[in-house]
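In the UniProt record's numbering, the protein residues as written are 1 to 145.
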């Protein structure tokens with residue numbers, strides 16, 4: 001990682017389309033499941049462990065998604081407590097629910113790296129992320145082959 005490069009041979013993934021529901025002939029009714037090599041997953045885990053304290057320091061406490069020890073259930077408990085407290089104090093609570101369809105499919109990598117930079121990340125980790133996010137190769141398994 002010190003050279004800021006994610007090895008090309010670890011950027012290869014096998015994608016298996018898993019049927020969700022509806023018309024089986026419609027591509028939109030399949031969820032792509034990507035399988036990476038064990039070495040790539042281990043490398044990703046090691047990088048996550050090394051940057052997790054820095055990431056945690058810039059996230060707001062209300063961020064529950066993709067954080068260790070937190071879940072949608074714990075978020076719901078916090079929200080319930082907030083609403084109950086507001087109810088007891090005769091306060092108003094406004095709620096907006098959103099659903100960002102395919103949000104992770106639309107992440108602009110340049111903006112992501114810029115956010116990492118502004119959050120205090122430097123080299124070689126920024127170069128590593130650029131390398132990690134670029135020139136990836138996928139192949140799709142069709143009918144199990």
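C-beta: ideal position from N, C-alpha, C; glycine also. Computed from a prediction, not measured in an experiment: that's the story for all the values here.
Starting from residue i, trace the beta strand (DSSP E) in both directions and tell me its first and last residue.
i	result
residue 19	12-19
Once DSSP output is grouped into helix, strand and coil, what is the label at residue i?
i	result
residue 106	helix
residue 9	helix
Buried or exposed: residue i, going by 16 or more other Cβ atoms within 10 Å of its Cβ?
i	result
residue 97	exposed
residue 82	exposed
residue 33	exposed
residue 111	exposed
residue 48	exposed
residue 125	buried
Just checking my contact of residue i with residue j at CB under 8 Å: how many whole Å lie between their CB atoms?
i	j	result
residue 6	residue 128	6 Å
residue 64	residue 72	7 Å
residue 140	residue 15	5 Å
task: Any chance you could list the alpha helix (DSSP H) runs of at least 4 consecutive residues sitting entirely within the UniProt domain "Reverse transcriptase" (24-139), in chain order?
output: 38-58, 72-88, 109-118 and 125-133
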